[in-house]
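In what follows, a single structure is set out as structure tokens and then discussed.
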Amino acid sequence: MSDTPETTKTGLRSSESQSTTRLLLALWELGAHKSDEVKRVDLTEKIKRTGEKASDYQSIFDKLEQEGAIAFEIKNRNRVIYLTEKGVQLLGESLNHPEFEFDSQIGARTANALLRWMREMGASGSGGSTEKGEGAIASYDEFKSVALEVYDKLNSDYNLDNLVPIYRIRREIGERVTRSHFNEWMLKMQENDIFQLMAGEMSDMTPDKREDSITIPSVGLRYYAKLLNT
Numbered sequence: 014m015s016d017t018p019e020t021t022k023t024g025l026r027s028s029e030s031q032s033t034t035r036l037l038l039a040l041w042e043l044g045a046h047k048s049d050e051v052k053r054v055d056l057t058e059k060i061k062r063t064g065e066k067a068s069d070y071q072s073i074f075d076k077l078e079q080e081g082a083i084a085f086e087i088k089n090r091n092r093v094i095y096l097t098e099k100g101v102q103l104l105g106e107s108l109n110h111p112e113f114e115f116d117s118q119i120g121a122r123t124a125n126a127l128l129r130w131m132r133e134m135g136a137s138g139s140g141g142s143t144e145k146g147e148g149a150i151a152s153y154d155e156f157k158s159v160a161l162e163v164y165d166k167l168n169s170d171y172n173l174d175n176l177v178p179i180y181r182i183r184r185e186i187g188e189r190v191t192r193s194h195f196n197e198w199m200l201k202m203q204e205n206d207i208f209q210l211m212a213g214e215m216s217d218m219t220p221d222k223r224e225d226s227i228t229i230p231s232v233g234l235r236y237y238a239k240l241l242n243t
């Protein structure tokens, strides 16, 4: 990853790799990896430097979307953007690359976001999933408690009428649990008559959301979780 600004084809003031990493870091700092709705226009204003235009970042957005690192949705006529698990992993790999470095004009926003990343990632040092990092969920009982709390929060905050998308629960819990344990324990909660995992219709389904939902063997894809009366 070169630190030489690539400005021949765009108005970016830093290299494409630096600009990409700043974009991913800003998304992470805004909570886009936890299903927080980040408007693309707000993100662009946050990362855009003096002399740059929003269109200068279009090729980066396109590339990250193709790689599955980010995903877009239309919410209330606004285009919102989410940082996927792959995007978090890509950010971690970029920051830990031995040849990567920011230029001299890093700015306070980027520096503070980087400090927060370092504090939250701790000793794990990357964006990948981990079972041993701080806050990791190590048992079904702990997962059940966290999943119910997340379900209630999402259902209340977004008025989801007791049908909470599974992908949003997964993204809210994030790296505290592996993908395999998330699937296993959500299915166990269904077996224990806590959740009912449902198919239903999802008009804004994307490949990324499909991947973060749950596929039950011989049954099919399940998009929603519904809390059963116990």
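For the sequence shown, this note's numbering assigns the number 14 to the initial residue and increments by one for each residue that follows. Note that the Cβ used here is the ideal one computed from N, Cα and C, for glycine as well.
field: Euclidean distance between Cα positions of residue 220 and residue 85
entry: Taking the sequence shown and counting its residues from 1, one reaches residue 220 at position 207. Taking the sequence shown and counting its residues from 1, one reaches residue 85 at position 72. Cα to Cα, residue 220 sits roughly 11 Å from residue 85.
task: Identify, in the order they occur along the chain, each residue of the same chain with its Cβ nearer than 8 Å to the Cβ of residue 229, setting aside the five sequence neighbours on each side.
output: Here residue 229 refers to the residue found at position 216 of the sequence shown. If we look at residue 229 and ignore the five residues flanking it on each side, its Cβ neighbours are 200, 210 and 235.
- prompt: If you compare alpha carbons, which of 30, 69 and 83 is closest to residue 40?
  reply: Counted from its first residue, the sequence shown places residue 40 at position 27. Selection 30, 69 and 83 evaluated against residue 40 yields 83 as nearest (Cα-Cα).
query: What are the boundary residues of the beta strand (DSSP E) that includes residue 93?
result: If you number the sequence shown from 1, residue 93 lands on position 80. First-last of the beta strand (DSSP E) with residue 93: 91-96.
task: Go ahead and pull the three-state DSSP assignment for residue 54.
output: Position 41 of the sequence shown, counted from the start, is the residue given in the question as residue 54. DSSP places residue 54 in helix when its eight states are reduced to three.
query: Do residue 238 and residue 163 come within 7 Å of each other at the CB atom, strictly closer than that value?
result: Taking the sequence shown and counting its residues from 1, one reaches residue 163 at position 150. Taking the sequence shown and counting its residues from 1, one reaches residue 238 at position 225. No, Cβ-Cβ distance for residue 163 and residue 238 is not below 7 Å.
- prompt: Are the beta-carbon atoms belonging to residue 43 and residue 51 less than 7 Å from one another?
  reply: Stepping through the sequence shown from its first residue, residue 43 is reached at position 30. Stepping through the sequence shown from its first residue, residue 51 is reached at position 38. Closer than 7 Å, so yes.
field: Buried or exposed by the 16-neighbour rule on C-beta atoms within 10 Å, applied to residue 185
entry: Position 172 of the sequence shown, counted from the start, is the residue given in the question as residue 185. The C-beta of residue 185 has 16 or more other C-beta atoms within 10 Å across all chains shown, which makes the residue buried.
- prompt: Taking residue 60 as the reference, which of 37, 155 and 105 has the closest Cα?
  reply: Locating residue 60 in the sequence shown gives position 47, counting from the first residue. Among 37, 155 and 105, the Cα nearest to that of residue 60 is on 37.
task: Specify the secondary structure class of residue 236 as computed by DSSP and reduced to three states.
output: By one-based count along the sequence shown, residue 236 stands at place 223. Note: residue 236 maps to coil in three-state DSSP.
field: Inter-residue Cα distance where the pair is residue 34 and residue 171
entry: Looking up residue 34 in the sequence shown gives position 21. Looking up residue 171 in the sequence shown gives position 158. Cα-Cα distance, rounded: 30 Å.
task: Would you kindly work out how many angstroms separate the C-alpha atoms of residue 147 and residue 113, rounded to a whole number?
output: Position 134 of the sequence shown holds residue 147. Position 100 of the sequence shown holds residue 113. Here residue 147 scores only 37 on pLDDT, less than 50, and its place in the model should not be relied on; the value that follows carries that caveat. Whole-angstrom Cα-Cα distance: 26 Å.
message: Using a Cβ distance threshold of 8 Å, determine whether the segment 91-100 contacts the segment 68-82, with at least three qualifying pairs required.
response: Yes, the segment 91-100 touches the segment 68-82.
query: When the Cα of residue 92 is compared with those of 103, 57 and 169, which residue comes out closest?
result: The residue you call residue 92 lines up with position 79 of the sequence shown. For residue 92, the closest alpha carbon among the candidates 103, 57 and 169 is that of 57.
message: Less than 7 Å between the C-beta atoms of residue 62 and residue 90, yes or no?
response: The sequence position of residue 62 within the sequence shown is 49, counting from 1. The sequence position of residue 90 within the sequence shown is 77, counting from 1. Not in contact: residue 62 and residue 90 (Cβ atoms no closer than 7 Å).
- prompt: In terms of residues, what are the limits of the beta strand (DSSP E) holding residue 211?
  reply: If you number the sequence shown from 1, residue 211 lands on position 198. For residue 211, the enclosing beta strand (DSSP E) begins and ends at 208-211.
- request: Please determine, among 166, 133 and 126, the residue with the shortest C-alpha to C-alpha distance to residue 182.
  value: Taking the sequence shown and counting its residues from 1, one reaches residue 182 at position 169. Checking every option, the nearest Cα to that of residue 182 belongs to 166.
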